[in-house]
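The structure under discussion appears below in the form of structure tokens.
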Amino acid sequence: MPETKQFKAESKRLLDMMINSIYTHKEIFLRELISNASDAIDKLYFRSLTDDTVGMKLSDFEIRIIPDKTTRTLTITDNGIGMTEEELESNLGIIANSGSLKFKSENAGKDDVDIIGQFGVGFYSAFMVAKEVEVRSKAFGADKAYVWKSAGTDGYTVEECDKENAGTEIILKLKDNTDDDKYDEYTDQWTLKDLVRKYSDYIRFPIKMNVEDRKRKPDAKEDDYSDAAYETVIEEQTLNSMVPIWRKNKNELKAEDYTEFYRDKFRDYSEPLLYIHSKTEGAVTYDSLLFIPSRAPYDYYSKDYEKGIRLYSNGVMIMDKCKELIPDHFSFVKGLVDSADLSLNISREMLQHDSQLAAIAKSIEKKIKSELEKLLKNDREKYEQFWKAFGMQLKFGVYSDFGEHKETLQDLLLFTSSAEGHKLTTLEEYVSRMKDDQKSIYYVCGETPEKIDLLPQTELVREKGYEILYLTDNVDEFAVKMMIQYKEKPFQSISDGNFDFGTEEEKEQAKKISEENKDLFDFIGKALEGKIKTAKVSEKLKTHPVCLSSEGAISLEMEKVLKQNPDGKDVKSEKVLEINPNHQIFTTLKDLYATDKDKLKDYADILYDQALLIEGMPIEDPVGFSNKICSLMTDKK
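Taking this note's numbering, the leading residue of the sequence shown gets 457, the next gets one more, and so forth.
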């Protein structure tokens, strides 16, 4: 009976930590063992390039998975370099002693070296699912084979065994099932196929498994669908794709190839709106394949949506959603990054937060922005389709983080314009059309473009030929105020109480009327005390009698938006009631000030409520408003 050898004390503690702490998901063990098998084959393949005695071509190498439900074992084999007795001792008996890392260091800079393992700990992830692990290995060129056995922290044995060919086979005796963990699933062929496809699809050597399939018998009648018409066959299948699409030359691929990959990997029945396939070399080298969906996922604008793109290292998936690689304002992007340069932590499940990661993230952000700018310039219809799905996210991006990203995003924004039937326009296009005497970019907020057209304050501005941006999303004005200006043109709301629009002559006339009727406006202001800051002569109204504007940092639209939040109930804008001096209502107000101040108070209330309704804001006392209207309608004086 072979001698049981003990792991060193520090290795024993590390093994215990490996089994219980380092890896988040137990299924990762298969990725790790396949990666180790791939490394072993790579070493022999590298040797074959200079050693004719190897006698194997690239196509001769393979990894094999053998599940056995009866014995509850899972075996992973390879025909790679194998291990000697000493290597079994040093690589498996001393945890974190990586033979792959040593090989990689010795052959740094040489072509065809594509070793995945670095830390020498991945093998021990097997103990998360196995109560006993047996490793049978024969080193290439050696006469003898050896078997390493261990049941975990109690130690291990190494002894000679029978094995005809070079390579390694790892036999896992699975743990007993518990209420929480069903270890039997790792003998299920569909589970294994899914795990290979998820984590190891792009290992460059074929991963093979005998798969049971149910097929119709050749002599079965066409209308016979009974069990007797079918037979169970066992076929050898290659489970992985081997060559990643992103490592192929673009001229080898068609649009259909990208679409098929996107639909298959990201489970979207629609075609992607845009794909971005690139290879970046420099301080950090990586391949990337990114997709912009043609429609937003149903949960995209909810707290349940989880952003992130897939991260691969040498074709092995490390993370399904790496949120550090994509900024929030481009969180709609799906895809992947594959780099051998990233610093991974010991479990290869998470990234070290270092300059390499930041460099890739910054590069990806620039690439996405560049491609969206090209789309905007070259295919406006498709860009507007993109905007309909994800434009809101770009506007949130402008507003978030105190405007940190506004320079990145401002040229990608679209706004509805008052011109040409509510067409969408960029800020650059708007500025290029500004009148010579126009100093600001005019905008107004409202529920829809059609309702904004009806707002009293837009009538005169549009009649004089000035273009207005219609802001219809809740975030719009917050984003605009965060930008402050665009190409040295400040944004100006035409609903602002200080909106300066009239000619000098019109301003003088308004000033004269204000002075002549100061007592009337003071009375109205006092009658509406607590509701408005002041009442004044309007310079922006043409045919409408009244409108609301605001002063201060909080606009009317901001008040509406903020009051939708649970903690925003007390938010109030400083409202200004603007009255059109050229409307008949102004004459009536003047007459009432001289003859019936009580009725003037009712008129002031009615005008204020009317102005609120025009702005799409709720009135405080709808019953009182209705009674006052009825009273006016029945007043025969």
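Quick reminder that beta carbons are idealized off the backbone N, C-alpha and C, glycines included. Quick caveat, the model's predicted, so the values are computed rather than measured.
Problem set entry | DSSP three-state assignment for ARG487, whether helix, strand or coil | Residue 487 sits at position 31 when you count from the first residue of the sequence shown. Correct three-state label for ARG487: helix.
For this session: Could you check which residue in LEU695, ASP640, VAL917 has the C-alpha nearest to that of ASP650?
Result: To locate residue 650, count along the sequence shown from 1; it is residue 194. Taking only the C-alpha atoms, the option nearest ASP650 is LEU695.
Problem set entry | Unbroken beta strand (DSSP E) run spanning ASN666, endpoints | Translated into positions along the sequence shown, residue 666 becomes position 210. From DSSP, the beta strand (DSSP E) with ASN666 extends over 663 to 672.
Exercise. Are the region 759 to 778 and the region 724 to 737 touching, with three or more C-beta to C-beta distances below 8 Å?
Worked result: At 8 Å Cβ cutoff, the stretches do not touch.
Problem set entry | Segment limits, beta strand (DSSP E) that includes ALA991 | Along the sequence shown, read from residue 1 onward, the residue named residue 991 stands at position 535. Per DSSP, ALA991 belongs to the beta strand (DSSP E) from 990 to 993.
For this session: Alpha carbon to alpha carbon, how far is GLU488 from TYR642? Give it in angstroms, no decimals.
Result: For the purposes of this step, residue 642 is taken as residue 186 along the sequence shown, with counting starting at 1. For the purposes of this step, residue 488 is taken as residue 32 along the sequence shown, with counting starting at 1. So the alpha carbons of these two residues sit roughly 14 Å apart.
Problem set entry | Environment of PHE559 [buried if 16+ CB atoms lie within 10 Å] | In the sequence shown, the residue the question calls residue 559 occupies position 103. The predicted position of PHE559 is uncertain, since its pLDDT is 40 and thus under 50; no value can be drawn from it.
Exercise. Quick one: what does DSSP say SER554 is sitting in, helix, strand or coil?
Worked result: In the sequence shown, counting from the first residue as 1, residue 554 sits at position 98. Interpretation of SER554 is limited by its pLDDT of 45, a score under 50 that renders its predicted location unreliable; the figure taken from the coordinates is listed afterwards. It is coil, neither helix nor strand.
For this session: Answer with buried or exposed for MET1014, where buried requires no fewer than 16 other C-beta atoms within 10 angstroms of its C-beta.
Result: For this step, residue 1014 is matched to residue 558 along the sequence shown. Buried.
For this session: Give me the Cα-Cα distance between ILE701 and VAL931, rounded to the nearest whole angstrom.
Result: Residue mapping note: residue 701 aligns to position 245 of the sequence shown, counting from 1. Residue mapping note: residue 931 aligns to position 475 of the sequence shown, counting from 1. Rounded to whole angstroms, ILE701 to VAL931 spans 39 Å at the Cα level.
Problem set entry | CA-to-CA distance, PRO905 to LYS879, given in whole angstroms | One-based indexing of the sequence shown puts residue 879 at position 423. One-based indexing of the sequence shown puts residue 905 at position 449. Between the alpha carbons of LYS879 and PRO905 lies a distance of about 10 Å.
Exercise. In terms of alpha-carbon separation, which member of ARG660, ARG751, TYR922 lies closest to PHE846?
Worked result: For the purposes of this step, residue 846 is taken as residue 390 along the sequence shown, with counting starting at 1. Of the listed residues, the one whose Cα sits closest to PHE846 is ARG751.
Problem set entry | Cα-Cα separation, SER819 to TYR655 | Counting from one through the sequence shown, the residue named residue 819 turns up at place 363. Counting from one through the sequence shown, the residue named residue 655 turns up at place 199. So the alpha carbons of these two residues sit roughly 25 Å apart.
Exercise. Quick one: what does DSSP say LEU880 is sitting in, helix, strand or coil?
Worked result: Taking the first residue of the sequence shown as 1, we reach residue 880 at position 424. If DSSP states are grouped into helix, strand and coil, LEU880 belongs with the strands.
Exercise. Starting from LYS982 and walking both ways along the alpha helix (DSSP H), at which residues does that stretch end?
Worked result: As a working note, residue 982 is residue 526 in the sequence shown. Element bounds for LYS982: 974 to 983.
Problem set entry | Per DSSP, cross-strand counterpart(s) of TYR686 | Taking the first residue of the sequence shown as position 1, residue 686 is located at position 230. In the DSSP output, where bridge partners are listed per residue, TYR686 has ARG672.
Exercise. So what does HIS733 bridge to, in DSSP terms?
Worked result: The residue given as residue 733 occupies position 277 in the sequence shown. Beta-bridge pairing links HIS733 to LEU745.
For this session: Note down, one range per segment and in chain order, each beta strand (DSSP E) of at least 3 residues found wholly within the region 894 to 952.
Result: Correct list: 897 to 901, 925 to 927, 945 to 949.
Exercise. Closest to ASP956 by CA distance: which of GLY877, LYS937, GLN693, LEU916 is it?
Worked result: Within the sequence shown, residue 956 is the residue found at index 500, counting from 1. Considering only alpha carbons, the answer is LEU916.
For this session: Would you mind reading off the limits of the beta strand (DSSP E) that contains ASP794?
Result: Locating residue 794 in the sequence shown gives position 338, counting from the first residue. It spans 790 to 794 - the beta strand (DSSP E) in which ASP794 sits, taken as one unbroken run.
For this session: Please report the Cβ distance between THR647 and ARG670, rounded to the nearest whole angstrom; I am assuming they are in contact, meaning their Cβ atoms lie under 8 Å.
Result: The residue you call residue 647 lines up with position 191 of the sequence shown. The residue you call residue 670 lines up with position 214 of the sequence shown. The pair is not a contact, with the Cβ atoms about 18 Å apart (cut-off 8 Å).
Problem set entry | Neighbourhood of GLY1008 by C-beta, 6 Å cutoff - its chain only, sequence neighbours within 5 removed | Residue 1008 sits at position 552 when you count from the first residue of the sequence shown. In chain order, GLU1030 place their CB closer than 6 Å to the CB of GLY1008, counting only its own chain and leaving out the 5 sequence neighbours on each side.
For this session: Taking only the alpha-carbon atoms, compute the straight-line gap between GLY623 and SER682 and give it to the nearest angstrom.
Result: The count along the sequence shown starts at 1 and reaches residue 623 at position 167. The count along the sequence shown starts at 1 and reaches residue 682 at position 226. When rounded, the distance between both Cα atoms is 45 Å.
Exercise. What's the C-alpha gap between GLU459 and LEU792?
Worked result: On the sequence shown, position 3 is the one that residue 459 refers to. On the sequence shown, position 336 is the one that residue 792 refers to. One C-alpha to the other measures close to 48 Å.
For this session: Alpha carbon to alpha carbon, how far is THR1044 from LEU976? Give it in angstroms, no decimals.
Result: Locating residue 976 in the sequence shown gives position 520, counting from the first residue. Locating residue 1044 in the sequence shown gives position 588, counting from the first residue. If you take the alpha carbons of LEU976 and THR1044, they lie about 12 Å apart.
For this session: Return the CA-CA distance between LYS1055 and VAL993, expressed in angstroms with no decimal places.
Result: Translated into positions along the sequence shown, residue 1055 becomes position 599. Translated into positions along the sequence shown, residue 993 becomes position 537. Each residue's alpha carbon lies about 20 Å from the other.
Exercise. Looking at the structure shown, is ASP570 part of a helix, part of a strand, or coil, going by DSSP?
Worked result: Mapped onto the sequence shown, residue 570 falls at position 114. Per-residue confidence for ASP570 stands at a pLDDT of 46, beneath the threshold of 50, marking its modelled position as unreliable; the derived number appears in the next sentence. When DSSP states are grouped into helix, strand and coil, ASP570 belongs to the coil group.
Exercise. Given 8 Å as the limit, is there contact between the region 742 to 751 and the region 710 to 728, that is, 3 or more CB pairs closer than that?
Worked result: yes
Problem set entry | Rounded straight-line distance, which links the Cα of ASN1021 to that of ILE1062 | As a first step, residue 1062 is located in the sequence shown; it is residue number 606 there, counting from the start. As a first step, residue 1021 is located in the sequence shown; it is residue number 565 there, counting from the start. Spanning the two alpha carbons is a distance of roughly 28 Å.
Exercise. What three-state label does DSSP hand VAL591 in the structure shown?
Worked result: Here residue 591 corresponds to residue number 135 of the sequence shown, with the count starting at 1. VAL591: strand per DSSP, three-state reduction.
For this session: For ILE908, collect the residues of the same chain with a Cβ closer than 7 Å to its Cβ; drop the 5 residues on either side in sequence, then sort them by chain order.
Result: Walking along the sequence shown from the start, residue 908 turns up at place 452. Only VAL900, GLY902, THR914, TYR926 meet the Cβ criterion.
Exercise. Looking at the unbroken beta strand (DSSP E) that takes in LYS605, where does it start and where does it end?
Worked result: Along the sequence shown, one-based indexing puts residue 605 at 149. Residues 601 to 606.
Problem set entry | Enclosing beta strand (DSSP E) for SER873 [first to last residue] | Working through the sequence shown from its first residue, we reach residue 873 at position 417. Counting along the chain, the beta strand (DSSP E) containing SER873 begins and ends at 871 to 873.
Exercise. Is it true that the CB of SER593 sits closer than 9 Å to the CB of MET539?
Worked result: Stepping through the sequence shown from its first residue, residue 539 is reached at position 83. Stepping through the sequence shown from its first residue, residue 593 is reached at position 137. Taking 9 Å as the Cβ cut-off, MET539 and SER593 qualify as a contacting pair.
Problem set entry | Given 8 Å, three or more beta-carbon pairs between the region 957 to 968 and the region 879 to 890 | no
For this session: Work out the CA separation of PRO662 and ALA796 for me, nearest whole Å.
Result: Here residue 796 corresponds to residue number 340 of the sequence shown, with the count starting at 1. Here residue 662 corresponds to residue number 206 of the sequence shown, with the count starting at 1. Their Cα atoms are separated by approximately 21 Å.
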